[in-house]
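Everything on this sheet refers to the single structure shown next.
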Amino acid sequence: METGVKAARRGPGWAAALLAALASAGGLHAQEPGQAVPTATLEVRQVAGANIYLDLGTDGGLAAGDTVNVRRTEDGPVVGRLAVVAATATRSVLAFVDGSFPLAGGDSLVVELLRAPVEALAAPARAPTPETPRVGSARIAPVTPRAWGRVGLEVGVSHSSSQMGLVDPEDVTRTLATPALRLDATVTSLPGGFTLRARGRVTHRYTSGTEFQRPTTVRVNELSMERRFKAVPAQLTLGRFFSPVESFSGFWDGAAVRFGGESLGAGFLVGLEPDLWSQEPSLDLPKASAFVDYRARGEAWSWDGDVSAHVVAPRADGLETHAFLGIGQRLTLGPLRLRAEVQVDREPVGGGARLSEAVTQATLAISPRLSLRVGAARRERYSILTAPDPFGPRRDRVGGGLSLRLGNAYLSADHALNRYENGSDRTSWTGALSLARLPGLPGVGWNASGSWWGGDSDEVLSAGTGIGFRISAARVRVGYRFHSTTFLDRTRVSHAPDLYVDLPLGGGFSATLRTRGQFGDQLTSQYLHLALTRVF
């Protein structure tokens, strides 16, 4: 579980308002499961590893478990799909569903929900419901819980053969199978005005090698109840959730309370840190946080900020209490977007303060076609488990890049320099080029991406390309990736072709198939993944 994911405060639900307006105008009716709904154009706030961050959350109708199609332009082809991993009121964390495609911070994307938010849909015609009398002559209509989300059954099978060791290498062959059942669901209008959010996965792992200590695992990423009060401006969240109100505390088993309106709010969180590896409830790390958040808006500008104080008190002997302060802010000023986040930790020895994280990013839209970005960061991660010195090696990073859109072509390029505490430097280059439509081949798209990083005598080069097209209702992608690694003056090269097929089955069902092979020096592997998903 990643506890460094950044969350956000509340914002205007413009996407939900758009859907509701379309519904009232007759443009939206009750949707069949899986039918597309109106699109929204968003800018990618950040890409970190396999996570994509967008400034659209539950206030805009996007919830954990949703799946969205992604296009570069409104009339362009679908370049991939993203699934919402976690969502706060105004921001969401997404992950690639069918394999990655080029994305970078500052990119403009057109996202298309595969499931319409229930609250934004025009109600279907139904027989009148008898009203339930209340005190005196007041009457109310009964409220019925409504649910949406997806459930999926999937299985992944891999077989690999590799050589371990540089001297007299040993051949190691392994077969791994992982059937899994996945559920992402949101239920609104529950008794008491609560909303339930559930996201989890049950997995069984079989291997021909060393048996797993726990072959069957149940991972609950989110299981929370949320209520927004009207009489008093407040929000209550209970259960397992990602912090919905500040940017530094991560996942909780506990409670979050926020008092205040859209502009100014304050509150606290209390509970436990879930186990990092198994995601099971744990009593080892009790923690508490307090926060204040504020937002201001003008005609061509906006500013969001928050300050939060945190304490994590390990129960194990020999582990020190971790206290830290987080400050985050975001400024939009016309075509310029700025983001800055700072974390200051208390030194466990001596009680001093240390800056463990400082991040700043800026994106400037030169035109609708061209945007530039630059950023700098210093990180010295704090880990409770590495006492007496809990701070990890320091890393400084500076970098920049650009995104360019010409017709149906899209180009993205970035360069970064990383300097580590031991004095070593690492340089990286990444780039991507895609064509929504190949000349003379309607309905066929092409993309290519590559990355290189190196320092001292080590380097890694990865480059790939692929074409996407449709066969009837099925979406197909055929790709290839080249990978080269040099370590201790030894270079290893591999080649990896892959095939992906996504087939809508109707009634909210869809089937996906992905197969990949890898062939190279001291490594051969084959991988097959099958999934059946039902959107409801």
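Numbering-wise (this note's numbering), the sequence shown opens with residue 216 and increments by one. Think of the CB as a built atom: it goes at the ideal place given N, C-alpha and C, for glycine as much as any other residue. Keep in mind the model is a prediction, meaning the values are calculated, not measured.
DSSP state of residue i mapped onto helix, strand, coil
i, result
"Gly622", "coil"
"Gly408", "helix"
"Leu600", "helix"
"Pro501", "strand"
"Phe751", "coil"
"Ser582", "coil"
"Gly646", "strand"
"Val564", "coil"
"Phe463", "coil"
"Val417", "strand"
"Pro605", "coil"
"Pro394", "strand"
"Glu535", "coil"
"Leu318", "coil"
"Ala255", "strand"
"Thr359", "coil"
"Ser677", "strand"
"Arg473", "strand"
"Ala400", "strand"
"Leu243", "Any reading at Leu243 needs caution, since the residue's pLDDT is 25, under 50, leaving its predicted position unreliable; the model's value is listed next. DSSP places Leu243 in coil when its eight states are reduced to three."
"Ala628", "strand"
"Ala746", "strand"
"Val526", "strand"
"Leu277", "coil"
Range covered by the beta strand (DSSP E) that runs through residue i
i, result
"Val735", "The sequence shown places Gly at residue 735, rather than the Val named in the question. Note, Gly735: beta strand (DSSP E), 724-735."
"Val294", "293-302"
"Trp661", "660-670"
"Pro712", "705-721"
"Gln558", "551-561"
"Leu487", "479-487"
"Ala310", "307-311"
"Glu441", "431-444"
"Gln428", "Premise fails: Gln428 is in no beta strand (DSSP E) and is neither H nor E."
"Val447", "Per DSSP, Val447 belongs to no beta strand (DSSP E) and is neither H nor E."
"Arg286", "282-286"
"Ser323", "323-328"
"Leu269", "266-269"
Residues near residue i by beta carbon distance below 6 Å, same chain, minus five either side
i, result
"Leu391", "Ser373, Thr422"
"Ala338", "Note that Ala338 scores 32 on pLDDT, short of 50, meaning its location in the model is unreliable; the coordinates nonetheless yield the value given after this. Hits under 6 Å: none found."
"Gln741", "His374, Gly732"
"Arg729", "Tyr715, His744"
"Asp527", "According to the sequence shown, residue 527 is Val rather than Asp. Same-chain partners within the cutoff: Leu500, Lys502, His537."
"Ser677", "Ser666, His698"
"Arg420", "Thr393, Phe427, Pro430"
"Arg416", "Ala395, Arg397, Arg434"
"Gly272", "Ala302, Thr303, Ala304, Thr305, Arg306, Ser307"
"Thr256", "Val325"
"Ala573", "Val557, Arg593"
"Arg442", "Gly408, Phe409, Leu451"
"Thr700", "Val675, Arg707"
"Pro496", "Asp468"
"Arg609", "Glu595, Glu636"
"Val370", "Pro394, Leu745"
Sequence-distant residues of the same chain with beta carbon closer than 8 Å to residue i, five excluded per side
i, result
"Leu621", "Arg584"
"Gln737", "Ser377, Gln378, Pro384, Arg707"
"Tyr695", "Gly679, Thr680, Gly681, His710, Ala711, Pro712, Asp713"
7 Å Cβ shell around residue i - same chain, five flanking residues per side excluded
i, result
"Leu579", "Pro550, Leu551, Ser586, Leu587"
"Ala531", "Asp499"
"Asn623", "Gly291, Leu650, Ala651, Arg652"
Bridge partner(s) assigned by DSSP for residue i
i, result
"Val691", "Phe684, Val716"
"Gln741", "His374, Gly732"
"Gln494", "Answer is none; Gln494 lacks a bridge partner."
"Arg634", "Asp611, Asp640"
"Asp519", "Arg510, Arg545"
"Arg593", "Ala573, Asp611"
"Tyr587", "According to the sequence shown, residue 587 is Leu rather than Tyr. Paired residues: Leu579, Leu617."
"Ala651", "Note: Ala651 sits in no beta bridge, so no partner."
"Gly272", "DSSP lists no partner for Gly272."
"Ser454", "Note that residue 454 corresponds to Gly in the displayed sequence, not to Ser. Ser439, Gly469."
"Ser699", "Leu676, Val708"
"Gly367", "Arg397, Thr748"
| query | Would you call the segment 647-667 and the segment 631-639 in contact, with 3 or more CB pairs under 8 Å? | reply | no
| Are at least three pairs of beta-carbons, each pair with one atom in the segment 491-511 and one in the segment 464-480, less than 8 Å apart? | yes
| request: Inspect the CB distances between the segment 439-455 and the segment 468-484 and report whether three or more fall short of 8 Å. | output: yes
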